[in-house]
Each structure stands twice: as C-alpha cells, then as structure tokens.
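Chains A and B, in that order, are what the protein sequence lines are.
Counting with the numbering used here, you get residues 190 to 519 for the letters of the first sequence.
Counting with the numbering used here, you get residues 354 to 707 for the letters of the second sequence.
Think of the CB as a built atom: it goes at the ideal place given N, C-alpha and C, for glycine as much as any other residue.
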Amino acid sequence: MPEVLKASFAVEFPFTRSLGPVQSAFLTGLRERVVLGVRTSDGRTLVPPVEYDPVTAEEIRDLVEVAPTGTVTTWAWNHTPRRDQPLDTPFAWALVRLDGADTALLHALDAPGPDAVHTGMRVRVRWAEERTGAITDIACFEPYDGGPDDGGPDGGGPAGPADHEGLPRGATGEFEDPITGIVARARLDYTYSPGRAQTAYINALADRRNVGERCPSCRKVYVPPRGACPTCGVATSEQVEVGPRGTVTTFCIVNIKAKNLDIEVPYVYAHIALDGADLALHGRIGGIPYDQVRMGLRVEPVWTERARYPDHYRPTGEPDADYDTYKELV
Amino acid sequence: MTRDLPVRDIAVVAFAQTDHRRTSEELSEVEMLMPVLHRVLAQTGLKTADIGFTCSGSSDYLAGRAFSFTLALDGVGAWPPISESHVEMDGAWALYEAWTKLLTGDADTALVYSYGKSSPGPLRDVLTRQLDPYYVAPLWPDSVALAALQAQALVDAGDTDEPALAAVAARSRTDATLNSHAQLRGSVPQGEYVVRPLRTGDCPPIGDGAAAVILAAGERARELCDRPAWIRGIDHRIEAHGLGVRDLTDSPSTRLAAEKAGAFERPVDTAELHAPFTSQEVVLRKALKLDGGVRVNLSGGALAANPVMAAGLIRIGEAAARIHRGESDRALAHATSGPCLQQNLVAVLEGDPR
Ligand SMILES: [Zn+2]
Numbered sequence: 190m191p192e193v194l195k196a197s198f199a200v201e202f203p204f205t206r207s208l209g210p211v212q213s214a215f216l217t218g219l220r221e222r223v224v225l226g227v228r229t230s231d232g233r234t235l236v237p238p239v240e241y242d243p244v245t246a247e248e249i250r251d252l253v254e255v256a257p258t259g260t261v262t263t264w265a266w267n268h269t270p271r272r273d274q275p276l277d278t279p280f281a282w283a284l285v286r287l288d289g290a291d292t293a294l295l296h297a298l299d300a301p302g303p304d305a306v307h308t309g310m311r312v313r314v315r316w317a318e319e320r321t322g323a324i325t326d327i328a329c330f331e332p333y334d335g336g337p338d339d340g341g342p343d344g345g346g347p348a349g350p351a352d353h354e355g356l357p358r359g360a361t362g363e364f365e366d367p368i369t370g371i372v373a374r375a376r377l378d379y380t381y382s383p384g385r386a387q388t389a390y391i392n393a394l395a396d397r398r399n400v401g402e403r404c405p406s407c408r409k410v411y412v413p414p415r416g417a418c419p420t421c422g423v424a425t426s427e428q429v430e431v432g433p434r435g436t437v438t439t440f441c442i443v444n445i446k447a448k449n450l451d452i453e454v455p456y457v458y459a460h461i462a463l464d465g466a467d468l469a470l471h472g473r474i475g476g477i478p479y480d481q482v483r484m485g486l487r488v489e490p491v492w493t494e495r496a497r498y499p500d501h502y503r504p505t506g507e508p509d510a511d512y513d514t515y516k517e518l519v
Numbered sequence: 354m355t356r357d358l359p360v361r362d363i364a365v366v367a368f369a370q371t372d373h374r375r376t377s378e379e380l381s382e383v384e385m386l387m388p389v390l391h392r393v394l395a396q397t398g399l400k401t402a403d404i405g406f407t408c409s410g411s412s413d414y415l416a417g418r419a420f421s422f423t424l425a426l427d428g429v430g431a432w433p434p435i436s437e438s439h440v441e442m443d444g445a446w447a448l449y450e451a452w453t454k455l456l457t458g459d460a461d462t463a464l465v466y467s468y469g470k471s472s473p474g475p476l477r478d479v480l481t482r483q484l485d486p487y488y489v490a491p492l493w494p495d496s497v498a499l500a501a502l503q504a505q506a507l508v509d510a511g512d513t514d515e516p517a518l519a520a521v522a523a524r525s526r527t528d529a530t531l532n533s534h535a536q537l538r539g540s541v542p543q544g545e546y547v548v549r550p551l552r553t554g555d556c557p558p559i560g561d562g563a564a565a566v567i568l569a570a571g572e573r574a575r576e577l578c579d580r581p582a583w584i585r586g587i588d589h590r591i592e593a594h595g596l597g598v599r600d601l602t603d604s605p606s607t608r609l610a611a612e613k614a615g616a617f618e619r620p621v622d623t624a625e626l627h628a629p630f631t632s633q634e635v636v637l638r639k640a641l642k643l644d645g646g647v648r649v650n651l652s653g654g655a656l657a658a659n660p661v662m663a664a665g666l667i668r669i670g671e672a673a674a675r676i677h678r679g680e681s682d683r684a685l686a687h688a689t690s691g692p693c694l695q696q697n698l699v700a701v702l703e704g705d706p707r
C-alpha cells in the first residue's frame, strides 16, 4: 500500500461572546484592578462569579468586592508550559480562594519551583500591564507574605472588604465603559490524513485520472471514494477509473462573489456524474454562457498548469445525455 | 429506597472494539470504524438494515472538522434513510440515548458506536476547548494539568500518595496484559512528572480507537445473545462548571448517578471505571463505595487505552462482555466526560441467574 498522504492545517477561530451582567462586571472589574464576586442567598461569595447559584440554580446578581490576595486550595507544578498558557517559564497551576470568597479561581502561580508552593500558601494577584477586560488581565498570582490585603500602597488595587462578613467597600460592579463582550481566540494545529481510499483518489488525480471504488456488494462506483459504501455499510476496495467525461445532473448559478475568489460572477456550479461513476461530484462549469448550462450537458475536465484537480469542466460538444441515463444520480 | 424500574428489559447483547493504537493515520475514521461495526453485527447475526435505531458519539474537535461524524455514517449503511442520532460526547451517552429510545418501544434493537482519533491534533490542548470560555479556556489549562490539581487535592486530603497512585497504574497495566486491544500492557515505568504530582504512568495513553455495542429489548435480547447483560439501571449526573466550586476529592455526581441506577441495592462483583488518571480511580472508588471485594478494571481501564469519546462506551462493553462470558453476574460500568470527572454516567448490568 502506498504511504498515506498527510498535510498540516490549523483551525483558528475568534469567537465573539456576549457577557451577561455578572460576567461583564467581573471582567470590567479586572480591567480596573478590582476583583468582584457574587453573593448567594445563603451568604456564600462565589469568585469567579456566575449568574446562577450552582446549588439552587437561583439567579444571583449581588456583586461584592473581594481582595486581590488569597490562599492556594490546590496546585500542580507545570514544568513545561504549553503554548498560550499564562507564563512561558515553569509555573504552578493553582486554585486560589481570594480573601472574602468561598470558592476558588483557577490561574497560574509564578514561583521559583515546586518546593516553593504548597496548599495553604498565601498569594496575591499580579496584574497584567495592559488590561482589556479578560481573565488574562490577571497575569498570574505570586507568593505573598501577609494577611488579607489592607489596600496599602503595594496592595496592587483598591481595598478589599474589611472582613468577610462586613459590607463590601469599593466597587460593586458599576463601571464606566463596561466590557460587554469578549473575543475568545483559539488556534489548534492538526495533521490531517485522509485515509487509504482518499489517498488513492488524490494520488490518481496527480496523474489527471479520476479513480473511484466499487462496492463489492451493490457494485456501485463511488467517486471520490471514502472507503465505505453508504448503502451497504461495507468497505469499498476495487479501484475503477471513471470519466474523464461526464454529465451535468444538476446545477446552480452563483451570483455572489466569494472572498479571495477571482472567478467572475455569475458562474455555474454543477453536480457532474463522471462516466462510470454512481455518485456525482461537483465542479464549476466554464466555456459556455452561464444561462445555457442545462441538466444533461456533457462536459469534460479542464486542467491548468500544475493544478491538483480540474480547474473547471467545459462542454464536450456531444449531444445531451438522456435523462434516464442519469436520473438515479440527481 | 425504592426505585422506578424500567418499563422494559433492555440488554447489551454484543460488544466490539478496535485495537487501540497511538495512531491509525493510514485510516480515515470510517475505515477505522467499519471492522468494529462488522464484528459487533456478526456477533448477533444482524445486518445494518435490521437495526431499529443507531446512535453514535464523537467530537469534531478531535478531527478538526465540522460535522465529522456524518462521514462515519457511511459505515453503517445510512442509505436508504435510517433512524439515527449523534451525541458530541463519549459513546456511553449515545448508549443512554439509545436505551431511552428502546424504552419508548420505538425500536427493539439499537446500534451504538463511538470513535476518536486523537492522533491528528494536540489532544491536551484540544480538550481545553471544552472548558468555560470566559474564565478558564483563555488560560489553556490542559487536561493533565486539571487532573493534577485534583490529584494534589487528594494527596493533601490524605486520600492517596504517589506510591499508591503508581500501584493503580501498575495494577491496570498488568491486568491489561490479558486485553489484546489495549494500547499499553505489562509493566510500564511510572516515568517523569508530566504535571506534578502526575507522572506519565498516572496518565492515559493518547490513542485512536473505536467501539460498538448492540442493545436489544426483551425476548429479542435472548434471541441474539445466550446471556444478555441486562441494564438494570442507568443514570448520569453533572457537577458545577467551576472547578473551584467543587470538592475535587469527591464525586457526588457519580454517587448520585450510581444511587439512581440502583448500584447500591446489592453488591456488584465487577466494576469498569472510566478513570483516565490514576487519581480519578481513587475518587471513584470512594464515591461508589467499592471495597476490595470488587474486581476493578480487569480490562486495564482507560490507563491502558483511552480512545477519547469511545473509552466510556468501552467500559460498558467490557462489563457486559464479562456477563456474556459468565465471568460476572452483576457489574457496574462508569463513564466520564469533562475535566476532573465533571460528568458521570453509571450503568448497572446483570446476567440471568445461573
Ligand atoms: Zn454497496
């Protein structure tokens, strides 16, 4: 068996996400170096805050400020940071219960080594220099040798609550120019392999041949082959050369120009049943005015220099195919 | 306590899986899946056209392609149209959907399959995309890092230590020597820290694989299988999204699912736990109140082979296969999804009395 093909590709997406009132306040607060939690009806303070009580499912909106200092509740030493993680030097992942909160926030903890980290250790927020209203506005946590932040000159932010039970001081979620949405960027890199059947198809295309596969059970020829007959649910195996000529089974006229496409509109995109194939593939029709393309039109592929698949299909000049010869493929 | 029992007896009557491997790049998903589908059908003599309902589990993020499951459908003979559904979850949840479909009486047989090729992408990073997109995913905490936080919480609580975790790994991989499908078998060194306190030996192998199960109701199950594995109860529960809200040393959702599935009504003799990390077996044993008398993960479990999206269904399949072979009379199967055992499914399977 020839070696399967492989190609790398990246999936990249900038999801735009709306924030509800609670998440908006929390992330805007981070921009202003204020950490907000949300108070549940039974008096717990959740940081990071959520819009619904995870226990009762009750809607909660009562924002309170907590301190930028806290205690590690559990941690894990990450000696080889991965791409896009908060720090590019070895660090600890940590769940930190901020002073005034009852739940813990996940973030990175910058420490010289695993021996410098333990559950129960005191830490404080290190703010990112540029803050945009995102969880990464907290650059990381860092070791901190003290009690709840007193809001002193090195406190790194406004004062936290005087004590856990007391009324919150400082911000309560009212900010000028609040953040209402975030863009969550992500990129994942893959190595795609199309498998045995499609590798054979693509390799044949390099020789400008169309090779399908025949189902051993129903004898249908699939092109491009995917390795299985969708009717019989069995592997296809016997290779069959199809085309190069074929018949337009159906088509549409494209009137909107796609981004980065240099084909003039309108143009015709068609399903084409190559001679000998029992499945239509699709391609663009050229060499004929768009309004003269019709079902039954006989076409052949047009290859351009070094192309890996036909650029388009053009009329062969043969008489149109009889509807009965392709009606099963429409 | 009493429990409303299912209105209809439904059993797992067949199970098949691939040999799980680090990579199966020479095969497309459907090419990897098809032999498994053929084997599970052959066990019952059914053809795809005989199946009343088909349900599958997989994830687009593993393949990096939208609607990737539609191509795998070619393998089940989806034309002419069949009654079919898909969950973007482990196949154990597809089995749950198929079970409810059979309960309604709409179908008497169901084919459940799931597959995952982890080889095309960076699995640890891919799995971060299932996390809270506002507060957690932007930090890219990978799957091992999150499991390591849970492991450290267990160590701090005195529930385990590194030698005990190493013993879980060693036992699993020794048991896997009898499982020809497993990816890692026999003595495997505990290795270096990946994210401390977890070492390579505490983490599951990354691999590609698929599994399939056939369910049948009532008399149909007896026709198709000498000793059907009757599903006496099945339930799944979820915990709070925020990791910092949860007690990571416990799994109340597993315990509740087990209770609702009837797991505590009588002892089980066998348990197949979907614990991809050694530390998670510690949590699950506690949540499920499993004592030393229960044989846990004789297949080697997810530490020996963890094809993402199939490993949970495999736990149900392995438990059922033991009942089919007469090696178990009452077995518990567990599947998990999400970070730190966020979602948990428990099924209780029984063979007819002998
Ligand atoms: Zn066929």
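Length at least 3, wholly inside the region 613-688 of chain B: the beta strand (DSSP E) runs in chain order = The DSSP assignment places complete beta strand (DSSP E) segments of no fewer than 3 residues inside the region 613-688 of chain B at 623-625, in order along the chain.
Presumed contact (8 Å Cβ cut-off) between residue 537 of chain B and residue 516 of chain B, rounded CB distance | Not quite, the Cβ-Cβ distance comes to about 20 Å (not below 8 Å), so this is no contact.
Sequence ranges, beta strand (DSSP E) only - wholly within the region 524-552 of chain B, length at least 3 | 546-548
Straight-line gap, residue 157 of chain A to residue 332 of chain A (C-alpha atoms, nearest Å) | Residue 157 of chain A lies beyond the residue range present for chain A, which begins at 190 and ends at 519; the question has no answer from this structure.
Quick one: is residue 513 of chain A near chain B, going by C-beta distance under 8 Å?
-> no
Looking only at C-alpha atoms, which of A/290, A/261, A/440 sits nearest to residue 229 of chain A?
-> By alpha-carbon distance to residue 229 of chain A, the top candidate from A/290, A/261, A/440 is A/290.
Under 7 Å by beta carbon: chain B residues contacting residue 267 of chain A = 498, 548
Between residue 604 of chain B and chain A, is there a C-beta pair that is closer than 8 Å?
-> no
Residue 384 of chain B touches chain A at which residues, Cβ-Cβ below 9 Å?
-> 384, 385, 386, 415, 416, 417, 424
Those runs of the alpha helix (DSSP H) which lie wholly inside the region 387-418 of chain A and span at least 4 residues = Annotation: the region 387-418 of chain A contains no complete segment of the alpha helix (DSSP H) (minimum length 4 residues).
Residue 357 of chain A to residue 206 of chain A span [Cα, whole Å] | At residue 357 of chain A, the pLDDT of 44 sits below 50, so the modelled position is not reliable and the matter cannot be decided from this model.
Closer than 6 Å by C-beta to residue 477 of chain A: which residues in its own chain qualify, once you throw out the five before and the five after it? Chain order, please.
-> Closer than 6 Å at Cβ, skipping near neighbours: 504.
First through last residue of the alpha helix (DSSP H) which encompasses residue 508 of chain B | 496-509
So is residue 515 of chain A buried or exposed if we call it buried at 16+ other beta carbons inside 10 Å?
-> buried
Is residue 445 of chain A close to chain B, meaning its C-beta is less than 8 Å from at least one C-beta of that chain?
-> no
Residue 420 of chain A Cβ short of 7 Å to ligand 1 heavy atom set = Yes, Cβ of residue 420 of chain A sits closer than 7 Å to a heavy atom of ligand 1.
What's the C-alpha gap between residue 436 of chain A and residue 407 of chain B?
-> Straight-line measurement puts the Cα of residue 407 of chain B at about 35 Å from the Cα of residue 436 of chain A.
Supposed close pair residue 700 of chain B, residue 669 of chain B - CB separation, criterion 8 Å | 6 Å
DSSP-derived helix/strand/coil call for residue 241 of chain A | strand
Short Cβ contact (8 Å threshold) for residue 247 of chain A with residue 240 of chain A | no
Closest residue to residue 711 of chain B among B/450, B/704, B/468 (Cα-Cα distance) = Residue 711 of chain B lies beyond the range of chain B shown here (354 to 707); nothing can be said about it.
Of the residues B/696, B/662, B/663, B/615, which one's Cα is nearest the Cα of residue 601 of chain B?
-> When each option's Cα is compared against that of residue 601 of chain B, the closest is B/696.
DSSP three-state call for residue 448 of chain B: helix, strand or coil?
-> helix
Is the beta carbon of residue 400 of chain B within less than 7 Å of some heavy atom of ligand 1?
-> For ligand 1, not one heavy atom lies less than 7 Å from the Cβ of residue 400 of chain B.
For my contact list, residue 518 of chain A and residue 425 of chain A are in at a C-beta cut-off of 8 Å; report their separation, rounded to the angstrom.
-> With 8 Å as the limit, residue 518 of chain A and residue 425 of chain A do not qualify as a contact, their Cβ atoms being about 17 Å apart.
Quick one: give me the first and last residue of the beta strand (DSSP E) that residue 702 of chain B is part of.
-> 696-703
Determine, using beta carbons only, whether residue 477 of chain B comes closer than 8 Å to chain A.
-> Contact of residue 477 of chain B with chain A is assigned, a C-beta pair being separated by under 8 Å.
What does residue 364 of chain A pair with, by DSSP beta-bridge criteria?
-> Per DSSP, none; premise fails for residue 364 of chain A.
What's the C-alpha gap between residue 646 of chain B and residue 622 of chain B?
-> 7 Å
Assuming residue 468 of chain A and residue 423 of chain A make a contact with CB atoms under 8 Å, what is their CB distance in whole Å?
-> Rounded, the Cβ-Cβ distance is 16 Å, inconsistent with contact.
Buried versus exposed call for residue 531 of chain B [16 or more other C-beta atoms within 10 Å across all chains shown] = exposed
Got a sec: is the Cβ-Cβ distance from residue 330 of chain A to anything in chain B below 8 Å?
-> no
Would the beta-carbon of residue 255 of chain A fall within 8 Å of that of residue 226 of chain A?
-> Here residue 255 of chain A is near residue 226 of chain A, since their CB atoms are less than 8 Å apart.
Distance, residue 462 of chain B Cα to residue 435 of chain B Cα = 13 Å
Nearest to residue 585 of chain B by CA position, among B/356, B/390, B/703, B/386, is which residue?
-> For the options B/356, B/390, B/703, B/386, the alpha carbon positioned closest to that of residue 585 of chain B is the one of B/703.
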